[in-house]
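Following: one structure in structure tokens, then a few remarks.
2 protein chains.
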Amino acid sequence: MQRKSFDGMLCPIARSLERVGEWWSMLILRDAFHGLTRFDQFEASLGIAPNMLTRRLNGLVEAGLLEKRLYSERPPRHEYVLTARGRDFLPVLIAMGAWGNRHFAHEGLASLVADVQTGAIVQPVLIDRATGKTLDADSVTFAAGPAADEPMRRRMAFVERGRQSRRNL
Amino acid sequence: MQRKSFDGMLCPIARSLERVGEWWSMLILRDAFHGLTRFDQFEASLGIAPNMLTRRLNGLVEAGLLEKRLYSERPPRHEYVLTARGRDFLPVLIAMGAWGNRHFAHEGLASLVADVQTGAIVQPVLIDRATGKTLDADSVTFAAGPAADEPMRRRMAFVERGRQSRRNL
């Protein structure tokens, strides 16, 4: 499969996808959040070929999302446990699941997210921490940050010109 | 590349990935949010092979995230514009970019999200609409919904058992 690395790019979405954007990687993370830790558990859950699963698990370990731990010495057996960086990915998966529930759950809702303390089903919404405003395609735009290089600044100028021209329609 | 379809599964994360989980698809969506619409714009932005770009664009059109529109009759030329379903995907990309900025922006922040009205940089945070609580790996768990089938119920029972046993450590 033809595949270019995004790692040279400054875009944080590209950098994230460089770590989790391979087919299977995000489902492995979902399974890890479900409490699966062992190779055979992931294999049974996903129906994935062992060599592919090994590659994906190694990739997630290298990227610092999973930690490989020895849980049995004889025979030597490893488990894969979410790191702090891996645990911090949960909001992305929740946002993706909420989008899936809104658009593709034609039989009704099968999997939801619940408050661990109350058990109440939660309704995920992405907001700005300071203002509490909902972040969506109408309320936000992209902007260059202090570390933006020239290509990123050009891109963000393009974004801004498009926004202005749509506003003037 | 070996690849199994997740579409038979009820998991909303799997269903979302079935539509956007191919390598390139989410970067094409990012570019569409940046205002890119034409084939040659996506090609130049991503450095992607034309046949691959065609496949990914067609996939996003079939999944209902992009609409293909004729913008020139002679010669016939199409543009690709986000649908309502596609626009609704933005929170997932913002959450992914925020995670990327927290973990991989070693040169500093290059791309941020801003309020369209005030221009202020926003800090994305995923919360529960009803309670306002931040949704993260400590505050939430997964739960079966009304349309859960038997495998999904077994999975959610496994999640719950793991949670209980960790709590009793």
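Which chain is which? The protein sequence lines are A and B, in order.
Quick note on numbering: the first sequence equals residues 151 to 319 in my numbering.
Quick note on numbering: the second sequence equals residues 151 to 319 in my numbering.
Every residue gets a Cβ at the ideal spot worked out from N, C-alpha and C, and that includes glycine.
Only a predicted model underlies this, so the values are computations on that prediction, with no experimental measurement involved.
Within chain A, no C-beta atom comes less than 8 Å from the C-beta of B/I178; the nearest is roughly 11 Å away. Within chain A, no C-beta atom comes nearer than 8 Å to that of B/E193; the closest sits roughly 12 Å away. Along the region 227–256 of chain B, the positions whose C-beta sits under 7 Å from a C-beta of chain A are R235, R237, D238, F239, L240, P241, V242, L243, I244, A245, M246, G247, W249, G250, N251, R252, H253, F254 and A255, read in chain order.
Linking A/Q273 to B/R224 through their CA atoms gives a straight-line distance of about 48 Å.
Contact with chain A is found for B/P274, since one of that chain's Cβ atoms lies less than 7 Å from the residue's Cβ. In terms of Cβ geometry, B/Y230 and B/L216 form a close pair [threshold 7 Å]. At least one C-beta of chain B is nearer than 7 Å to the C-beta of A/A287. In the DSSP assignment, the residues bridged to A/D265 are B/V290. If you draw a straight line from the Cα of A/G295 to the Cα of B/R235, it comes to about 28 Å. For A/H228 and B/P200, the gap between their C-alpha atoms comes out near 42 Å. Not one beta carbon of chain B lies nearer than 7 Å to the beta carbon of A/S175.
Secondary structure in the region 194–255 of chain B: the alpha helix (DSSP H) runs of 4 residues or longer, each lying completely within the stretch, are 200–212, 234–237 and 240–254 in chain order. For B/P162, the number of other beta carbons within 10 angstroms of its own is at least 16, and it is reported as buried.
DSSP places B/R188 within a strand segment (E or B) once states are collapsed to three. If you check each beta-carbon in the region 294–306 of chain A against every beta-carbon of chain B, the ones closer than 8 Å belong to A294, G295, P296, A297, A298, D299, M302, R305 and M306. Chain B places a beta carbon closer than 7 Å to that of A/D278, counting this residue as a contact.
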